[in-house]
Every structure is written in C-alpha cells, then in structure tokens.
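Chemist: In our numbering, each residue's number is its place in the sequence shown (first place is 1) plus 133.
C-beta: ideal position from N, C-alpha, C; glycine also.
This is the structure, below, for whatever I ask next.
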Amino acid sequence: MLTGHRTWIFQNKPVILTTGTIGGPFEANGNIPEAFDILHDDIWLQQDSFEKAQQTMMEEACQTAIKKSPIDKEQVEFFISGDLINQITPTSFAANTMGLPYFGLFSACATSMESLALSAAIINGNGANYILSGSSSHNAAAEKQFRYPTEYGGQKPPTAQWTVTGAGCALIAKEGVGPIVTSATIGKVVDMGMTDPFNMGGAMAAAAADTIEVHLKERNVDPSFYDLIITGDLGHVGREVSLDYMHGRNIPIEDEKYVDCGLTIYREGQPVLAGGSGSACSAVVTYGHFLKQLIQGDLDRILVVATGSLHSPLSVQQSDPIPCIAHAVSIERSEIL
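Structure follows, in structure tokens:
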C-alpha cells in the first residue's frame with residue numbers, strides 16, 4: 134500500500150457509498166446550495182449554543198449518509214471525524230449520540246481528508262466494512278474561540294476568511310457503487326514563521342504545495358492526470374501563493390484546473406473577504422459538489438488537498454508561529470477503473 138514515503142495506494146478500491154451534507158443560512162445563499170442535503174435557516178438550529186448547533190449538524194450529516202445507503206447504522210464499524218472547537222467536543226458529543234466506535238481527529242481544516250484517508254486505509258486493509266468519515270464547523274463558534282464573538286463587530290483585514298457553518302460526512306465501504314478512493318498522501322507540518330491569525334490562506338499555502346508536489350512525485354503522475362486539483366480553504370491569497378510556489382518548482386498546474394473549496398462555496402458579493410474556510414468547507418464542497426460531478430460523469434479524477442492551520446488561541450497569544458498541514462486524497466469515477 135505504501136508508495137514512496139508518504140503516499141498510500143488503495144488497491145482494494147474503497148468506495149464512497151453515500152454522503153450527507155448540511156449547511157446554514159449563509160451557505161444557502163451561496164454559490165452551490167444544491168450541494169446540500171439539508172439547509173437550515175437559523176444558525177442556532179434551535180439549540181442553546183453554537184457548539185450544540187454544530188454537534189446537531191454533524192449528527193444530521195451522519196444520519197443522512199446512512200439513510201441514503203442500503204445499510205443500517207448498526208453495520209457501521211467506526212466513526213472517524215473531528216472539528217475546530219476545544220477538545221473537538223461537537224464531534225465527540227455527536228459520536229455519543231451516534232453510539233459508534235470513534236476516532237476523534239484534529240487537523241483543523243485538513244480534518245476532512247485526514248479522516249477520509251484513514252477510513253480508506255482501514256477498509257483497504259480489511260479492518261472494517263463500513264466507516265463514517267467527516268468533519269464540521271460553525272462560523273459563530275469558531276469566531277468566538279479563535280477571534281472575537283460576532284456580536285463584538287470587530288473589523289477584519291482582506292486576508293481573513295469566513296468559516297463555513299456546516300457538516301459533511303461520507304460513508305466509506307469495502308464494496309458497493311460509488312466513487313473510488315484511490316490514494317492518499319499524508320501531509321507533514323510546515324511552518325513558514327507566520328504569526329497572523331487573520332491570514333490563514335497565506336500560512337497554509339506552503340503546506341498545500343508541499344503535499345501536492347510529493348503526491349505527484351510519489352505517484353509518478355503529472356498534474357494533468359487529474360481533471361481538478363482541489364484545495365480545501367486557501368482562499369484568494371493562499372491559492373495565488375501556492376500557485377506561484379509550484380510554478381517556481383516547475384510543477385505545471387493549469388490555473389483553471391486548480392480550484393479551492395473556499396472560493397467555490399460562496400458567491401460573488403457575499404462578505405467573505407478572501408474566501409471560505411473551516412473544517413466543514415472541504416467536507417461539504419467535496420462530498421456535496423465535486424462528488425456529484427464525478428457521479429454524473431462530468432469529472433473522472435480529482436485530487437482533494439484539505440489544508441489546516443494547527444494553531445490555538447493560546448499559541449497566538451504567546452506569539453508562536455502558525456504550523457500548517459495538508460492531506461491529499463485522490464478520488465475517481467468508478468467506471469474508468
């Protein structure tokens with residue numbers, strides 16, 4: 134399964150059987166509302182905290198994926214997921230509701246592809262038949278923890294990004310009909326010495342470029358092998374920085390085939406500054422938008438590179454640099470294999 138130093142090839146072809154995607158009112162007014170199974174018109178979701186609202190969305194995403202599948206919840210062996218909030222409590226509380234054996238992850242906004250890579254690796258090695266894999270975030274919960282409560286009305290620079298309110302979950306199976314998870318390249322922590330928590334795209338750009346470069350080298354493929362190379366939430370700033378880096382390394386990625394979930398989810402005119410972000414960003418856009426294009430035959434192969442900033446409020450207050458990571462997973466339309 135291991136190719137090179139950081140890449141797994143999944144020879145047993147784990148299947149993305151079904152997905153569940155949940156969004157909030159801001160996402161409903163965005164660029165891809167059809168990508169969501171459920172859209173809420175209130176960010177509270179009738180809960181008494183934003184964290185509980187996020188938990189509810191994660192539960193809904195899991196339940197939706199199972200409901201769309203031919204199996205019962207009791208047939209799922211593991212739930213692998215995480216989020217941005219302290220001690221990943223929304224996900225852990227959702228795991229309590231789901232009542233499934235649970236791996237809790239934290240790779241910030243890279244968690245979606247970390248969970249998918251691990252799920253595919255376990256299934257590829259006959260460690261399970263069905264795994265729920267996903268991630269979630271909530272704009273108001275993330276703002277409260279990492280920046281300022283939204284009620285404060287603090288001004289942000291143009292490099293800042295808008296955290297997605299949503300949850301995305303995929304049911305990964307040993308066999309069945311659906312897009313195939315073909316490989317994964319595990320990221321390493323990259324620290325560019327940046328300390329500005331309002332420029333996550335710039336901080337994460339080098340980690341994305343590093344993982345893409347290693348993936349292409351270890352799989353011995355050209356960027357043109359993929360119809361799209363999709364980053365998680367670099368936004369306008371990080372996308373341009375990472376493109377410049379890769380072009381400087383003679384990696385021939387075409388501009389129109391290098392897209393970002395944070396630039397896909399919201400429409401022009403929404404006040405998102407540099408773009409969308411959050412651990413739900415790559416999860417909902419990948420599972421709700423790009424997988425549909427694979428299933429419909431509009432795409433054959435995609436590489437999803439979820440990017441994460443591994444800082445905490447405390448590390449920022451102590452003026453520590455911001456370490457970042459990116460995990461890449463390749464997904465293919467099953468008919469082309």
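#1: Residues in the same chain with beta-carbon distance under 6 Å from Asp393, minus the five sequence neighbours each way, listed in chain order, please.
#2: Could you spell out the range, first to last residue, of the beta strand (DSSP E) harbouring Ser445?
#3: Grab the span of the beta strand (DSSP E) containing Phe239 for me, first residue to last.
#4: Based on the DSSP secondary-structure assignment, which residues constitute the bridge partners of Arg434?
#5: Does any C-beta atom of chain B lie closer than 7 Å to the C-beta of Met333?
#6: Going by DSSP in three states, Phe211 sits in which element: helix, strand or coil?
#7: Work out the CA separation of Asp377 and Gly441 for me, nearest whole Å.
#8: Nearest-angstrom Cα distance between Thr397 and Phe159?
#9: Assess, as a yes-or-no matter, whether the segment 311 to 326 is touched by the segment 154 to 172 under the definition of 3 or more beta carbon pairs within less than 8 Å.
#10: Just to confirm before moving on: does the CB-CB distance between Ser202 and Leu304 stay below 7 Å?
#11: Give the secondary structure of Ile218 by DSSP, where H, G and I count as helix, E and B as strand, and everything else as coil.
#12: Are the segment 444 to 459 and the segment 319 to 339 in contact at 8 Å, needing three or more beta carbon pairs?
#13: Just tell me which of Trp141, Phe143, Phe183 has its CA closest to the CA of Glu276.
#14: Gln187 and His271 look like a contact to me (Cβ under 8 Å); what is the Cβ gap, rounded to whole Å?
#15: I need the boundaries of the beta strand (DSSP E) containing Gly267, first residue and last residue.
#16: Let's test the definition: count the other Cβ atoms within 10 Å of the Cβ of Gly163 and tell me whether it reaches 16, buried, or not, exposed.
#17: Quick one, which of Asn353, Val370, Gly309, Gly421 has its alpha-carbon nearest Met337's?
#18: Under 7 Å between the Cβ atoms of Leu150 and Gly309?
#19: Which partner residues of Leu361 appear in the DSSP bridge assignment?
#20: From Asn383 to Ile176, what does the alpha carbon distance come to, in whole angstroms?
#21: Leaving out the 5 sequence neighbours to the left and right, which residues in its chain are closer than 6 Å to Thr419 when beta-carbon positions are compared?
#22: Considering just the uninterrupted stretch of the alpha helix (DSSP H) at Asp343, what are its terminal residues?
#23: Which of helix, strand or coil does DSSP assign to His460?
#24: Can you pull the DSSP bridge partners for Ile142?
#25: Tell me the DSSP secondary structure of Val417 in three-state form.
Modeler: Per the coordinate set shown:
#1: Excluding sequence neighbours, Asp393 sits near Thr364, Leu367, Arg372.
#2: Ser445 -> no beta strand (DSSP E), and no H or E assigned at all.
#3: For Phe239, there is no enclosing beta strand (DSSP E), as DSSP marks it with neither H nor E.
#4: BP columns for Arg434 point to Glu465.
#5: This model lacks chain B altogether; it includes just one protein chain.
#6: Residue state, collapsed to three classes: strand.
#7: Counting only the Cα atoms, Asp377 lies some 19 Å from Gly441.
#8: Here the alpha carbons of Phe159 and Thr397 stand approximately 14 Å from one another.
#9: Counting Cβ pairs under 8 Å, fewer than three are found: no touch.
#10: In this structure, Leu304 lies closer than 7 Å to Ser202 by Cβ.
#11: Coil.
#12: Enough Cβ pairs lie closer than 8 Å, so yes.
#13: The alpha carbon of Glu276 has as its nearest neighbour, out of Trp141, Phe143, Phe183, the alpha carbon of Phe183.
#14: Sure, about 4 Å apart at Cβ, within 8 Å.
#15: From DSSP, the beta strand (DSSP E) with Gly267 extends over 263 to 270.
#16: Buried, because 16 or more other Cβ atoms sit within 10 Å of the Cβ of Gly163.
#17: Nearest C-alpha to Met337: Val370.
#18: Yes, these two residues count as a Cβ contact at 7 Å.
#19: Bridge pairing for Leu361: Ile435 [DSSP].
#20: Near 44 Å, if we compare the C-alpha coordinates of Ile176 and Asn383.
#21: Val437.
#22: 333 to 352 is the extent of the alpha helix (DSSP H) around Asp343.
#23: In the three-state reduction of the DSSP assignment, His460 falls in the strand class.
#24: Residue pairing by DSSP places Ile142 opposite Ser316 in a beta bridge.
#25: Reduced to three states, the DSSP call for Val417 is helix.
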